[in-house]
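S.K.:
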Amino acid sequence: MHKYLQPEAEDGLLMRDSGKYAKEKLSILRHFLYMFVTSMRGKSWAALNYIDLEAGPGKNLIRETGEVVLGSPLLALNTEHPFDNYFLVEQDRDIFASLEQRVSQSDRADKIVLFNEDCNSAIDKIAAVIEGKDRHKDLGRWDSLNFAFIDPEGLEVHWDTIATLGKRIRCDLVINFSTSGITRNIALAYVSPDETAIDRLFGNRKWRTDYERLGSRKESSAVRRAMINLYAKQLQNLSYKTTEPNGEHIILNSRNRQLYCLLCASKHQLGVDFFSQAAAKFKPPQLPGFA
Ligand SMILES: C[S@@+](CC[C@H](N)C(=O)[O-])C[C@H]1O[C@@H](n2cnc3c(N)ncnc32)[C@H](O)[C@@H]1O
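Sequential numbering from 1 applies to the sequence shown in this note's numbering.
#1: Between the beta-carbon of Y86 and the beta-carbon of L77, is there less than 8 Å?
#2: Per the contact definition of three or more C-beta pairs closer than 8 Å, is the stretch 140-155 in contact with the stretch 166-174?
#3: Return yes when the Cβ of I95 is within less than 8 Å of the Cβ of P57, no when it is not.
#4: With a 10 Å radius around its C-beta and 16 neighbouring C-beta atoms as the bar for buried, classify T183 as buried or exposed.
#5: Would you identify the three-state DSSP class for V223, choosing helix, strand or coil?
#6: For C171, list the residues DSSP reports as bridge partners.
#7: Could you tell me the boundaries of the alpha helix (DSSP H) in which L139 lies?
#8: Taking H249 as part of the beta strand (DSSP E), name the residues at either end of that continuous run.
#9: Hey, how far is the Cα of Y211 from the Cα of D118?
#10: Pick out the complete alpha helix (DSSP H) segments inside the stretch 179-229, 4 residues or longer, and give them in chain order.
#11: With a threshold of 8 Å, are at least 3 pairs of Cβ atoms found where one atom belongs to the stretch 228-248 and the other to the stretch 263-282?
#12: Could you say which of E24, I126, Q105 lies nearest to I51 if we only look at CA atoms?
#13: Per DSSP, what kind of secondary structure is Q258 in: helix, strand or coil?
#14: On the CB-based measure, 16 or more other CB atoms within 10 Å of its CB, does A109 come out buried or exposed?
#15: Looking at P82 and K111, is the spacing between their C-beta atoms short of 8 Å?
#16: For I182, is the beta carbon positioned less than 7 Å from some heavy atom of ligand 1?
#17: CB I20 to CB E64, shorter than 8 Å?
#18: So, are the CB atoms of R200 and S44 less than 8 Å apart?
Quick look at the structure:
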């Protein structure tokens, strides 16, 4: 396998500078992808597609250890059994160039479509391609089954983008939900007269009512819980089964502060079960008497 596709330190291309927590996220994704592809291939789906809305350069350099770990697009390209199509989006020009060079060496390169733009605009094109292929599927096949990994740095993925995945195509989701982005910005966003990133994240202003309802109990843990619950409810309104209530996988930074949590949304309970199994390896042991 070409060095661009392996976790080797020196391949001369950009890597994402990441904390140790990124390994946990990517390990859960790797296990999830294994279960998803292994069990869904060979069924009557018109195609099995992988969508990465924020792909990054393809490799992460773990700052605490100097270790190099493969990023989400390369994990998806290295699964034992391939997806039929890979839609990879990365907005930053230099990061995109490294991503493009790396994935060009994959023996699945002919299955990859790359987008160097904002995922909130690329999503319509991706949905249109998949809808087009589904319209021309062979007799007796179901529509395609899609999986999207949504791994933002903060609050940049709009609700409309999630709704496109939930309504226009059949697409399971694993979402990095930036709880720290929310707790950092919510007090200012709440008093802002303008449309804020949190308004776009939820696609409406209802979060303000839920935030108000917390009254004087606006500590971070209460805000996180309320916002995860609201987001999960919106996913459920798109006919998703979700990991909620309380099934999110929390990712902490090196100071034990919550950075984000991983949420799974699937049109079938099996997808959520796959995620729970993949995440279970990283759950801290439960003490008796503590939920
Ligand atoms: C957390 S990183 C993704 C890491 C990657 N999934 C991995 O596993 O290594 C987020 C990436 O999204 C890119 N990005 C930020 N805003 C974006 C947007 N609106 N659309 C597409 N990509 C974006 C950033 O340049 C960054 O590379």
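We treat Cβ as the ideally placed atom computed from N, Cα and C, and that holds for glycine. This structure is a prediction, so every number in the text was calculated from the model and none was measured.
M.R.: In brief:
#1: Taking 8 Å as the cut-off, the Cβ atoms of Y86 and L77 count as close.
#2: Contact holds: three or more Cβ-Cβ distances are below 8 Å.
#3: yes
#4: buried
#5: helix
#6: N146
#7: Where L139 is concerned, there is no enclosing alpha helix (DSSP H), given that its DSSP letter is neither H nor E.
#8: 249-252
#9: Linking Y211 to D118 through their CA atoms gives a straight-line distance of about 29 Å.
#10: 179-191, 197-202, 206-213
#11: Contact between the stretch 228-248 and the stretch 263-282 is present, because at least three Cβ pairs lie under 8 Å.
#12: I126
#13: strand
#14: exposed
#15: Result yes, Cβ atoms of K111 and P82 sit closer than 8 Å.
#16: no
#17: Rather than Ile, the amino acid found at residue 20 in this sequence is Lys. In this structure, E64 lies closer than 8 Å to K20 by Cβ.
#18: no
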